[in-house]
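Heads up: the sequence shown begins at 1410 in this note's numbering, then just goes up one per residue. Virtual Cβ for every residue (Gly too), placed ideally from N, Cα, C.
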Amino acid sequence: MSLNKKSVDDFNAKGRRVLVRCDFNVPLKDGKITDETRIVAALPTINKLIKDGGKVILCSHLGKVKEGPNEKESLAPVAVALSEKLGKEVKFIADYNVTGAETTAAVNTMKEGDVILLQNTRFRGKEETKPGDAGEAFAKELADLADDFVCDAFGSAHRAHASVSVVTKYIKEKGGTNAVGYLMQKEIDFLGNAVENPVRPFVAILGGAKVADKLNVINNLLEKCDTLIIGGGMAFTFLKAKGYEIGKSLVDDEKIEYCKEMMAKAEKLGKQLLLPVDTGVADSFPDPIDGPVDVSYVESSKIPADKEGLDIGPKTQELFANAVKSAKTVVWNGPMGVFENPTLAKGTIAVAKALAETDATTIIGGGDSAAACNQLGFADKMSHISTGGGASLEFLEGKELPGVYAADNR
Ligand code: 3PG
Ligand code: MG
C-alpha cells in the first residue's frame, strides 16, 4: 500500500485562505532561535502558496507548554525569522487564545500573497484533543479561518492534535482541500514509500542506547529489509541474549527474550541480522561526555567483566560498510556509539561515510542520527534526512501517522 496524498501542487490557492500547519518547534535560548532547520524546511511550501496568490495563515506549536501560555514559548521569534527568510512581512497574531476576534479581523483584511502567523497552538490547551472534547471546538475555530488546509508539520504528524489532524474534518465538511506540503511529501516519499516498497537489497541500520525505544521499529523493519544491522548501546542486549559476556555495558535484561525472538524471526524469514563482532571498550562512560577516554578493542563475544562497550570496533565498521556497499536502499536510525565523544565517534563516522559514498537511496530517520550526520559533515551526501524525531520512528514502525492519514487522497 503506497501513500498517494494530495499535495500543494494539486490545487491552486489563488484568492483562497489556506491554513498551513508547520512544525516551528525550534530550539530557543534566551529568546533566540539556535537551529533554524525547521523554519528553512517549511519555506518551499509557503513560497508556493504565496506565488499562487493564496492568503497564507501559518500555525504551529512550540515546546510542551506545561505551565500554560507564557512569553518564553511564544512564536514571536519565529515570525521575525520567517519574515527575514521570505523577504516579506509576516504578521504575528500574539493573542494567547490563538483564534478569536483579533485573528478573524486580521484574516479578513488579508490580501493575496499575505502571510500571517498565529500564536502557539498549545496555548489553547485543547490542542491535544480527543474525540468529543473541546479540542474539537478549537479545531473548528481554526477551520473557520480558512478555505483549505495544508499539513507540512512532519515532526508533529504522529500527534492526533486539533491543528494537525482534527481540523481536516471541518475543512472537508465545507468542501475544502486537505493537502500535504512539500516537506511532508518528501518525508512520505522516503520514510513511507521507499521503506514500504524498497529497491532491493534493502539494508536497515539501527543504533542508539535503548532496545525498548525501538521494539516496533526492529520488528517492522525486519519484515521489510534484507539485512538488519544493530549497533550502538542496544546491541549489547542482543549480544547478552546470545549468551555473550558483555561486562558493564548497557543492557536491558527485560528485553533479552524479545531479542531472542527477533533473532529467531530473522532466521525464519531468511533475513541477515548483523551484530557487532568487535567493540570499543573503556573502564567507564566518559565524564564529561566529550572528555578524554582510554579505549581498547575486544571481541564482542568476550567483553571483560570490568569494561563497558561504548562504540563498534574496526572489524565491525568494515562489516557494516560492506553490507551498505551492496545495498540499493539504506535506512539508518541511531548512532553506533557515543558519537558526542571524538574517540568514540569512529563507528558512527564509519557508517555515515559508508552511506555518503554509496549510490543507494540513503534515508536518515531523524533525531540523533540526523544530528550525527549534521555534526560530522555528511548531511548533504544523504538522499533524505528526516526533520522528525518521534514521527520518523513511528513511521518506521509502520504506523499510520494521523497528520499524514488525514490528508485527502489523490
Ligand atoms: C518534536 O520536536 O518532537 C515535534 O515538534 C513534536 O513535539 P512534541 O514531541 O512535543 O509533540
Ligand atoms: Mg518530541
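Among the options, which has the Cα closest to the Cα of residue i?
i	options	result
D1556	G1564, K1583, R1568	K1583
T1796	I1698, D1561, L1785	D1561
N1625	V1465, S1709, E1803	E1803
K1441	E1498, D1504, K1481, I1655	K1481
T1538	G1746, T1508, T1512, A1571	A1571
L1794	F1563, G1807, K1677	In the sequence on display, residue 1794 carries Ile and not Leu. That would be F1563, whose Cα lies nearest to the Cα of I1794.
G1640	I1655, G1617, N1628	G1617
A1488	A1613, L1471, G1477, R1819	L1471
L1551	V1524, R1568, A1566, G1509	G1509
N1506	K1535, K1500, V1499, E1498	K1535
K1619	T1725, K1497, Y1579, G1746	G1746
P1607	A1503, L1630, T1513	L1630
Going by DSSP, what residue range makes up the beta strand (DSSP E) through residue i?
i	result
R1426	1426-1430
M1689	Reading the sequence as shown, one finds Gly at residue 1689 and not Met. Run containing G1689: 1687-1691, per the beta strand (DSSP E) assignment.
D1557	1557-1560
L1467	1464-1468
T1508	Unbroken run through T1508: none, as it is neither H nor E.
Please name the residue or residues paired with residue i in a DSSP beta bridge.
i	result
N1818	K1414
E1708	D1687
A1613	L1637, V1740
N1587	F1558
I1773	W1741, I1794
F1501	L1526
L1437	I1442
Give the range of the alpha helix (DSSP H) segment to which residue i is assigned.
i	result
S1801	1799-1805
Q1594	1591-1596
Y1579	1576-1582
L1719	L1719 -> not in any alpha helix (DSSP H); beta strand (DSSP E) instead, spanning 1717-1721.
K1762	1755-1766
N1602	That residue, N1602, is in no alpha helix (DSSP H); it is neither H nor E in DSSP.
A1546	1544-1553
K1494	1485-1495
What is the rounded straight-line gap between the Cα of residue i and the Cα of residue j?
i	j	result
V1449	K1494	8 Å
G1522	T1771	36 Å
V1516	L1527	10 Å
S1778	P1685	18 Å
R1533	A1485	16 Å
P1436	Q1784	16 Å
I1638	E1605	18 Å
D1419	M1593	14 Å
I1597	L1412	7 Å
G1700	A1765	28 Å
A1754	A1673	31 Å
S1801	D1789	19 Å
L1452	Y1591	9 Å
K1378	T1454	With the chain represented from 1410 up to 1819, any question about residue 1378 goes unanswered, as that position is not in the structure.
P1610	S1693	38 Å
Quick check on residue i - is its C-beta less than 9 Å from some C-beta in chain C?
i	result
A1603	Going by chain labels, chain C is absent from the structure shown, which holds only one protein chain.
Next on the checklist: Give the list of continuous alpha helix (DSSP H) stretches no shorter than 4 residues that lie fully inside the segment 1645-1686.
Outcome noted: 1665-1678
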